[in-house]
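A short write-up of the structure that comes next.
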Amino acid sequence: MSNSHLFTLTLLAIMLNNVPTALGQAVHDNFEGAGTISSWAGDDCNLNTSFSNPFVNAANPSATVLEYNDYGGQYGNVRFDVVTNFNLSINRTFSLQIYVPASSISGSQPNQVSLKLQDGTLGSPWTTQSEIIKPIVLDQWQTLNFDFGTDPFQNFDPGSIDPVYRTDFNRVLIQVNGENNNDLVIAYIDDFNYDGLLGSSPCDPIFNQLVWSDEFDTAGSIDSTKWHHQTQLPDGVSWYNSEVQHYTDRTDNSFVDSGYLHIIAKKEIFTDQGQTKNYTSARLNSKFAFTHGRVEVRAKLPTSSGTWPAIWMLGKNIIEPGGYWTASHGTTGWPACGEIDIMEHWGTNQNYIQSALHTPSSFGATVNHGGLAMSDVSNTFHTYAMEWNSESIRFSVDSNLFYVYAPDPKDMSNWPFVADQYILLNIAIQNIIDPAFIESPMIIDFVRVYQESAATVNSDTIEACDSYTWIDGNNYTANNSTATHTMISAEGCDSVINLELTINNSSTFEDIQEACETYTWIDGITYSTNNNTATQILTNSVGCDSVVNLNLTINTINDTLTQIGNTLTSNQIGAIYQWLYCDSSFSIIVGENAQTFTANTSGNYAVEIILNGCKDTSDCITISSVNLPEVLNDRIKIYPNPTSSIIHINTTGNSKANEVHLFDSAGRLIFNAFFESGNGIIDLNPYPSGVYQLHFYHEGKHITVVPVSKL
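Residue 1667 in the working numbering sits at position 461 of the sequence shown; the count goes up by one each step and never skips.
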């Protein structure tokens, strides 16, 4: 509903029916009342869209068809326009049935049908034409398909691109047997169909989430949390457009009853703001404003010449006295704030409704508009709807699309619809009101606002090691959840992808090992020398490479011995030593822990060496130069050795041994004695056969050890 002082009415002859806007608009006609095309017209050709089928048969049992009667005009054809241009990038096929009786043809004709697509908005639409020609067989029903993707086509302008890449076609023209002739032809056409949909694009948002509504379920005054009564006279005297009413907040003019909002325009003398007027009504502002969405209002309209009901929207940034949003958001005048008229109806044109846009480019005048002829708007509820997205604003009644506003290119002059708008409901009274008018209501069942449901985020969830090069070409080395990339889908729509990147790090660590002689590592190799160059790649706990570097120390023991006479010396220095008697199951020789060992009796000897946590035992060395002594160093005499029972001990010299300890082969002390005179006897009868060790001491000092064999 314009705030300007001028408005014009233009009847839009195009009417598409019975397909919900959100699903797109079908284009078909069976010429039996079930079609969506009502704008058939003829050039140099008579047509009848409900002609009795003169050739009913199994191929076409339809009762009525379109009669095409070329009476000899040069450019005979039939055509229709659609409200939204065809998009042939996906759906590009038109089909029809046709019957051409041979008896209806005069002259020499090519027996063909051409289907032409044009831009019907131009003064010379044929200059945009793309055409497919198909041959026909006379005297029979046949179905023809015109596929602008695969069939040969002719462009009027040879420089035009292929039709599947064009979006400027809004007219379909059918021509039988060519043009530039004055021959006669009668044809019958049935079941015209386009295999796509109009009025929507796969790129359009789907407004399916109810975000605000009033179902008018509570009787009485309007819901003041949702609606504001705008009653202030804008200039202190009158409303816009020479309207003659006062708007009031009384329940006489607006109330809810039985689930319906009633806005009542009344003839009554009413004084307000110092002005007396003869009519009252109500003007409601929604306390909800939004950008982009779908508005649906189910309503019955008033009657009587001079009533002007409207369902419309204004930018909430408008500066308008008494408006709900002006005090908090008013920064912009009209029409720069933008106005969307979802539905306007004039009692002077009872069977017509209109939708319109008011923008700076039209100086506020009603230039951009579409209308629909309807005969029952005052006695039947209809749902008036508007869908607004970033590319277009579309209007429908009962899901029948009839007008689309989509300027290209867009700027603030022709597209100020970039900010929130609010809803207005009112009945204005024009200054041409019928003097007999008393009152009339606009009855509203519901007002609903839908917006796009929370979008499903197209996330590319990636987990990578150290770095990742994404589809945007950037190499990321850290976690990232902010990067986005826009791709074009198969339908030509933008598809925004959000990156959800987790960067896990590879790891490197040193495996420090110390081993004796050899070490078999995780790489399966056995190392016998120090190594700090070997590496092995494993997988760590986060799935990335784990590089292991070996730091290996191999400890070796020199287990060789040097023999000089009956003295053995380990060639490994700095170790722990334990000398062993090989002939007695490698029994330890108690007290012999030096690097050098001197054997006092013949036999086989070895040494156990411990160094850096490693242990090794030398080979056994045979000492044969020492007899089992009966005289030891001229000081200790043991006899008999070996013995079956008793051994005698005599110690002589300056260092007489006065203490003796007897150890078994396990190194356990089993006997000890003191010999005051340096002489004594040891009875071995209680002990089993084996090798024993006699350790001699003098005044607590260890002198020597002598192996003794018990037979």
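All residues carry an ideal CB built from backbone N, CA and C; glycine is no exception.
All values reported here derive from a predicted model rather than from experimental measurement.
To which residues of the same chain is residue 1877 closer than 6 Å at the C-beta, ignoring the five residues directly before and after it? Here the set comprises 1868.
Is it a yes or a no for the stretch 1418 to 1431 touching the stretch 1645 to 1662, going by three-plus beta-carbon pairs under 8 Å? Yes, the stretch 1418 to 1431 is in contact with the stretch 1645 to 1662.
Does residue 1904 come out as helix, strand or coil in the three-state DSSP assignment? Strand at residue 1904.
Please work out which residues of its chain come closer than 7 Å, Cβ to Cβ, to residue 1241, disregarding the five sequence neighbours upstream and downstream, and give them in chain order. Excluding residues up to 5 positions away in sequence, 1234 and 1235 lie with their Cβ nearer than 7 Å to the Cβ of residue 1241 in the same chain.
Member of 1884, 1620, 1596 and 1550 whose CA lies at the smallest distance from the CA of residue 1542: Minimum Cα-Cα distance from residue 1542 among the listed residues 1884, 1620, 1596 and 1550 corresponds to 1620.
Is there contact between the stretch 1489 to 1496 and the stretch 1427 to 1439, where contact requires at least three CB pairs shorter than 8 Å? As far as the Cβ criterion goes, the stretch 1489 to 1496 touches the stretch 1427 to 1439, which means the pair count is three or higher.
Beta-carbon spacing of residue 1335, residue 1361 below 9 Å: The Cβ atoms of residue 1335 and residue 1361 lie closer than 9 Å to each other.
Report yes if the CB atom of residue 1311 is closer than 9 Å to the CB atom of residue 1383, and no otherwise. Less than 9 Å divides the Cβ of residue 1311 from the Cβ of residue 1383.
On the three-state DSSP scale, how would you describe residue 1371? Of the three classes helix, strand and coil, the one that applies to residue 1371 here is helix, per DSSP.
Apply the 10 Å Cβ neighbour rule to residue 1907 and answer buried if 16 or more other Cβ atoms are within range, or exposed otherwise. That one is exposed.
Strictly by DSSP, which residues pair up with residue 1594? Its beta-bridge partners are 1499 and 1599.
The alpha helix (DSSP H) that contains residue 1534, what's its start and end? 1532 to 1535 is the span of the alpha helix (DSSP H), which, as asked, contains residue 1534.
Minimum C-alpha distance to residue 1309 - residue among 1351, 1327, 1275 and 1461: Out of 1351, 1327, 1275 and 1461, 1275 has the C-alpha closest to the C-alpha of residue 1309.
Who are the Cβ neighbours of residue 1736 in its own chain at under 8 Å, not counting the five residues just before and after it? Beyond the five residues adjoining it in sequence on each side, residue 1736 comes within less than 8 Å, by CB distance, of 1758, 1759 and 1760 in the same chain, given in chain order.
Kindly list the residues whose CB is nearer than 8 Å to the CB of residue 1802, restricted to its own chain and excluding five residues on each side of it in sequence; keep chain order. Closer than 8 Å at Cβ, skipping near neighbours: 1773, 1774, 1775 and 1776.
Report yes or no: do the stretch 1495 to 1513 and the stretch 1581 to 1600 share at least 3 C-beta pairs separated by less than 8 Å? Yes, the stretch 1495 to 1513 touches the stretch 1581 to 1600.
What residue ranges within the stretch 1676 to 1729 form continuous beta strand (DSSP E) runs of no fewer than 3 residues, ordered along the chain? 1690 to 1694, 1700 to 1710 and 1713 to 1722, all fully within the stretch 1676 to 1729.
Backbone CA spacing between residue 1780 and residue 1817 [nearest angstrom]: Between residue 1780 and residue 1817, the C-alpha separation is close to 8 Å.
So what's residue 1553 in DSSP terms, helix, strand or just coil? DSSP places residue 1553 within a helical segment (H, G or I) once states are collapsed to three.
Kindly give me the distance between the Cβ atoms of residue 1578 and residue 1559, rounded to whole angstroms, as I take these residues to be in contact under 8 Å. 6 Å between Cβ atoms; contact.
Residue environment, residue 1872, which counts as buried when at least 16 other CB atoms sit within 10 Å: Residue environment: residue 1872 is assigned as exposed (fewer than 16 neighbouring CB atoms within 10 Å of its CB, all protein chains considered).
Might you give, ordered along the chain, the residues of its own chain that have their beta carbon closer than 7 Å to the beta carbon of residue 1502, omitting 5 neighbours on each side? Contacts found: 1589, 1591 and 1654.
What residue from 1681, 1555 and 1525 has the CA that sits closest to residue 1508's CA? When only C-alpha atoms are compared, the closest one is 1555.
Beta bridge counterpart(s) of residue 1647 as assigned by DSSP: In the DSSP output, where bridge partners are listed per residue, residue 1647 has 1470.
Residues that DSSP places opposite residue 1781 in a beta bridge: For residue 1781, DSSP records no beta bridge to any residue.
Using CA coordinates, which residue listed in 1743, 1853, 1881 and 1540 is at the minimum distance from residue 1622? Measuring from the Cα of residue 1622, the nearest candidate turns out to be 1540.
Integer-rounded CB distance, given that residue 1321 should sit under 8 Å from residue 1300: Your pair residue 1300 and residue 1321 checks out as a contact, with CB atoms roughly 6 Å apart and the cut at 8 Å.
Of the listed residues 1349, 1339 and 1365, nearest to residue 1356 (C-alpha basis): Per the C-alpha coordinates, the member of 1349, 1339 and 1365 positioned closest to residue 1356 is 1339.
Excluding the 5 residues preceding and the 5 following residue 1440 in the sequence, name in chain order all residues of the same chain whose CB lies nearer than 8 Å to its CB. Residues 1446, 1526, 1527 and 1528 of the same chain have their beta carbon placed closer than 8 Å to that of residue 1440, with the five preceding and five following residues left out of the count.
Going by DSSP, what residue range makes up the beta strand (DSSP E) through residue 1671? In the DSSP assignment, residue 1671 falls within the beta strand (DSSP E) that extends over 1664 to 1671.
If you follow the beta strand (DSSP E) that residue 1461 is part of, which residue opens it and which one closes it? Its beta strand (DSSP E) spans residues 1460 to 1463.
Could you tell me the alpha carbon to alpha carbon distance between residue 1891 and residue 1717, rounded to whole angstroms? Near 59 Å, if we compare the C-alpha coordinates of residue 1717 and residue 1891.
For residue 1463, does the count of other Cβ atoms within 10 angstroms reach 16, so buried, or fall short, so exposed? By the C-beta density criterion, residue 1463 is exposed, having fewer than 16 other C-beta atoms within 10 angstroms.
Within this structure, are the beta carbons of residue 1401 and residue 1285 separated by less than 9 Å? No; because the gap between Cβ atoms is not below 9 Å, this pair is not in contact.
Which of the three DSSP states is assigned to residue 1910 in this structure? Under the three-state reduction of DSSP, residue 1910 is assigned to strand.
At a cut of 8 Å, does the stretch 1909 to 1916 reach the stretch 1791 to 1810 through at least three beta carbon pairs? With the cut-off at 8 Å, the stretch 1909 to 1916 and the stretch 1791 to 1810 touch.
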